[in-house]
Amino acid sequence: MSLTVKEWLHDEPFELYLGAGFFGFYAHVGFVKAIEEAGLKAKKIYGASAGAIVGAMLANDYSATDVEKIVLEIQRKDFWDPGFGFGLLKGKKYHELLLKYLPSSFGDLKLPFEVTVFDIFGLRFKNLSSGDLCAAVRGSSAFPGLFQPVKIQDKIFVDGGLFERFPQHKGRVLAHCFGKPHSVKQVDNRFVVSLKNIPRSGPAKMHLAEEIIQKAYWQTKKLLETSVTTVKA
């Protein structure tokens with residue numbers, strides 16, 4: 000019997016991976032809004048860069064609608080703090096913004112959550128799942144050139160999405176990524192989605208937020224009703 004993607008995800012517990020994309024949190028919001036509306040909830044969340052921002056909020060038990068409201072309210076002035084350093088923005092205002100919506104520690108989240116960061120001097124990726132949550136999210140989304148690197152303990156971290164890198168796990172995974180060509184594919188227990196024709200955003204294009212959210216939402220709703228068997232690996 001053929002299953003829809005929604006039925007396939009309902010069939011057993013799954014983990015959610017939200018990938019990296021410059022200001023990709025708008026598309027992530029549309030994606031998870033459709034997932035949540037379908038009655039689907041991940042048992043664990045992974046996030047990199049923009050995915051770390053949305054993932055942390057979901058792990059803190061915000062609904063997708065709550066997250067949508069938050070990201071639509073945020074304006075450039077809320078995180079824009081140019082200063083001397085290895086990046087245009089110091090990131091202090093961004094850190095304060097994260098503290099407004101997130102607890103200080105991973106241990107205070109309602110769902111298991113991991114953040115991917117890149118260790119500059121160690122030249123390796125690392126998944127963080129304990130300690131200072133806001134510092135980890137800020138480090139994971141410290142896009143080189145825009146935000147200055149983030150120091151956590153004795154390590155210096157930048158954007159965890161410099162290269163797409165899935166966590167290693169054996170369970171069922173739903174992943175939303177930004178890549179080319181745009182595709183939907185199922186490989187073993189991993190279902191990877193890259194939505195089509197989503198406008199690119201950025202500090203100067205935040206006015207596109209609602210359009211991006213809606214396009215991602217409607218594409219995901221349609222995807223959930225398609226047959227798993229029609230998806231090509």
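Counting with numbering that gives the first Met the number 0, you get residues 0 to 232 for the letters of the sequence shown.
From the three backbone atoms N, C-alpha and C, an ideal C-beta is built for every residue, glycine too.
Everything numeric in this text was worked out from a predicted model, so none of it was measured.
Can the beta-carbon of F112 be found less than 7 Å from the beta-carbon of A58? yes
Give me the Cβ distance between V4 and F190, rounded to the nearest whole Å; I'm assuming they're in contact under 8 Å. 7 Å
Need the endpoints of the beta strand (DSSP E) that T115 sits in, please. 112 to 118
Selected residue, minimal CA-CA separation from D107, among L132, L87, D118: L132
With Q218 as the anchor, note down where its alpha helix (DSSP H) starts and where it stops. 208 to 223
With DSSP collapsed to three states, give me the class of K43. strand
I'd like to confirm the pairing. Which residues does DSSP put opposite V183 in its beta bridges? V192
Based on DSSP bridge pairs, tell me the residues matched to V172. E14, R189
Measuring only the C-alpha atoms, how far is F146 from Y93? 9 Å
Between A49 and V114, how many whole angstroms is the CB-CB distance? I'm expecting something under 8 Å. Contact flag wrong, Cβ pair sits at about 12 Å.
Report buried or exposed for F239, applying the criterion of at least 16 other Cβ atoms within 10 angstroms of its Cβ. No information on residue 239 is available, as it lies outside the stretch 0 to 232 that the chain covers here.
Taking only beta-carbon positions, decide if I151 is within less than 7 Å of chain B. Checking the listed chains, one finds no chain B in this structure; it contains a single protein chain.
Bridge-paired residues (DSSP) for D131: S104
Which same chain residues end up closer than 8 Å to L96 when comparing Cβ atoms and leaving out the 5 residues on each side of it in sequence? I73, D77, F78
7 Å CB neighbourhood of R75 in its chain, flanking five on each side removed: P202, M205
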